[in-house]
Ligand code: DX5
Ligand code: ZN
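Below, the structure is given as structure tokens:
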């Protein structure tokens, strides 16, 4: 199980915290980019771009935005491994996939109430599915069980011999991670960054 640490909940000394995460064992740093339109919150990480790149940690960018192609242009210079957009944010899914593919691997995210079958048409063209286990927009929310979606996706992936990875995002801690053990990666924000010892929290998650 890979860990992507979200820095959304960091309130102060963000550069120092990013460098600490960069020295640690997390597999990815997860950036939650929000435009205040698709979700009722705004978040941008241009101001810490140099610090993020200095860590050399792979970046996993989660675009919770309406104008997807605009934000791909804003974040392509972060050289992320993944850029993920929301299915609910666009009618132009295929052009968003193509736009992102020019710069990184591509992911599609769906909210807790979106039917997982809605992404079936795209699964042979993407590298990652980000299943939200909270309503997008804020850190520190309570986990919503989406176990059934994980099982449906795993079965579909096996039947169609596809290779997208399944990532879960929101409300993950040492208890709820047990409910998503069939996923490939989890995003963890406040459980790690609200603590004094990031590495101890990561050990609690994976042991
Ligand atoms: C919520 C974000 C999540 C969030 C996870 O909109 O997409 O990545 O930061 O934070 P926790 O782990 O605190 O739920
Ligand atoms: Zn996220």
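Residue numbers (our numbering): 2 to 208.
All C-beta atoms, glycine included, are put in the ideal place defined by N, C-alpha and C.
List the whole-angstrom C-beta distance separating residue i from residue j, where the pair is believed to meet the contact cut-off of C-beta under 8 angstroms.
i	j	result
residue 181	residue 7	Actually they are not in contact, since the Cβ atoms of residue 181 and residue 7 sit about 15 angstroms apart, beyond 8 angstroms.
residue 58	residue 23	5 angstroms
residue 11	residue 194	5 angstroms
residue 43	residue 199	Their Cβ separation, rounded to whole angstroms, is 25 angstroms, which puts residue 43 and residue 199 out of contact at 8 angstroms.
residue 145	residue 130	In fact, because the Cβ distance is near 16 angstroms, the residues do not count as touching under 8 angstroms.
residue 137	residue 40	5 angstroms
residue 133	residue 171	6 angstroms
Return the CA-CA distance between residue i and residue j, expressed in angstroms with no decimal places.
i	j	result
residue 97	residue 87	10 angstroms
residue 85	residue 14	27 angstroms
residue 60	residue 82	6 angstroms
residue 201	residue 76	31 angstroms
residue 73	residue 91	14 angstroms
residue 186	residue 52	24 angstroms
residue 26	residue 196	15 angstroms
residue 63	residue 46	12 angstroms
residue 89	residue 55	33 angstroms
residue 205	residue 3	13 angstroms
With DSSP as the reference, please indicate the residues paired to residue i in a beta bridge.
i	result
residue 107	84
residue 164	Looking at the DSSP assignment, residue 164 forms no beta bridge with any residue, so it has no partner.
residue 40	BP columns for residue 40 are empty, so no partner.
residue 6	30 and 189
residue 181	According to DSSP, which records beta bridges pairwise, residue 181 is partnered with nothing at all.
residue 117	Answer by DSSP bridge pairing: none, since residue 117 is not bridged.
residue 71	None; residue 71 has no bridge partner.
Using 8 angstroms as the cut-off, can you tell me whether the region 107–115 makes contact with the region 31–43, which would need three or more C-beta pairs spanning the two stretches below that distance? no
Indicate whether the contact test is met: 3 or more Cβ pairs, each with one atom in the region 148–162 and one in the region 118–128, closer than 8 angstroms. Yes, the region 148–162 touches the region 118–128.
Could you please go through the chain and list the residues whose beta-carbon is closer than 6 angstroms to any non-hydrogen atom of ligand 2? 7, 31, 33, 63, 170 and 188
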